[in-house]
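Undergrad:
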């Protein structure tokens with residue numbers, strides 16, 4: 003996470019390792035996660051603002067893909083929002099670097115995966131690619147659409 007430098011990727015401030023539990027310190031995101039923000043602020047922002055937020059998520063995910071990473075856990079709970087409504091991708095616990103091959107995939111043998119946001123081929127074959135992250139982004143958009151009321155329009 004420390005090697006990422008993009009306005010739509012959460013900034014790592016530091017890591018506390020001298021105490022238990024180990025803590026990751028990131029920039030402060032006043033509005034919390036996207037899912038909570040949408041529930042708390044239903045109808046209090048415009049569609050243009052929402053499109054800007056979604057565009058920011060897409061820009062952050064493109065950056066990760068360009069850097070050769072697959073997130074594997076993109077969901078509204080892992081998108082954080084600052085006071086200017088800038089969305090930043092966070093929670094890189096499941097992210098993995100892909101090989102230099104553009105057709106590369108990360109294969110997992112075990113562990114839990116977030117089924118609701120995971121692409122069908124990733125569930126079936128446990129292979130994750132940038133295309134899997136695109137699927138997850140589509141689910142984020144779909145969930146966003148369901149959580150806003152028509153009063154935003």
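Residue numbers (this note's numbering): 3 to 155. Here a beta-carbon is modelled for each residue, glycine too, at the ideal position from N, C-alpha and C. Note that the structure is a prediction, hence the values are computed from the model and not measured.
Are at least three pairs of beta-carbons, each pair with one atom in the region 68–78 and one in the region 20–27, less than 8 angstroms apart?
TA: Output reads no: the region 20–27 does not touch the region 68–78.
Undergrad: Indicate whether residue 129 and residue 10 have their beta-carbon atoms separated by less than 8 angstroms.
TA: no
Undergrad: Quick one: complete beta strand (DSSP E) runs, 3+ long, within the region 5–43?
TA: 14–18, 25–28
Undergrad: Work out the CA separation of residue 15 and residue 118 for me, nearest whole Å.
TA: 31 angstroms
Undergrad: Do residue 139 and residue 76 have their CB atoms nearer than 8 angstroms?
TA: yes
Undergrad: For residue 38, tell me which candidate among 93, 78, 26 has the shortest Cα-Cα distance.
TA: 78
Undergrad: Could you round the C-beta distance between residue 59 and residue 142 to whole angstroms and report it? I think they count as a contact, below 8 angstroms.
TA: That belief holds up - the Cβ atoms of residue 59 and residue 142 are roughly 7 angstroms apart, short of 8 angstroms.
Undergrad: Terminal residues of the continuous alpha helix (DSSP H) containing residue 2?
TA: Here the chain covers residues 3 to 155 and nothing more, so residue 2 does not appear.
Undergrad: For residue 76, which three-state DSSP category applies?
TA: coil
Undergrad: Taking C-alpha atoms, which residue in 7, 73, 17, 86 lies nearest to residue 93?
TA: Out of 7, 73, 17, 86, 73 has the C-alpha closest to the C-alpha of residue 93.
Undergrad: Using 10 angstroms around the beta-carbon of residue 62, count the other beta-carbons present and answer buried if the total reaches 16, otherwise exposed.
TA: buried
Undergrad: Which value, in whole angstroms, describes the spacing of the CA atoms of residue 102 and residue 48?
TA: Note that residue 102 scores 48 on pLDDT, short of 50, meaning its location in the model is unreliable; the coordinates nonetheless yield the value given after this. In this model, residue 102 and residue 48 are separated by some 40 angstroms (Cα to Cα).
Undergrad: Have a look at residue 12 and residue 57 and give me their C-alpha separation to the nearest angstrom.
TA: 15 angstroms
Undergrad: Quick one: what's got a C-beta closer than 7 angstroms to residue 109's C-beta in the same chain, skipping five residues either side?
TA: Annotation note: pLDDT 45 at residue 109 (below 50); position unreliable, no value reported.
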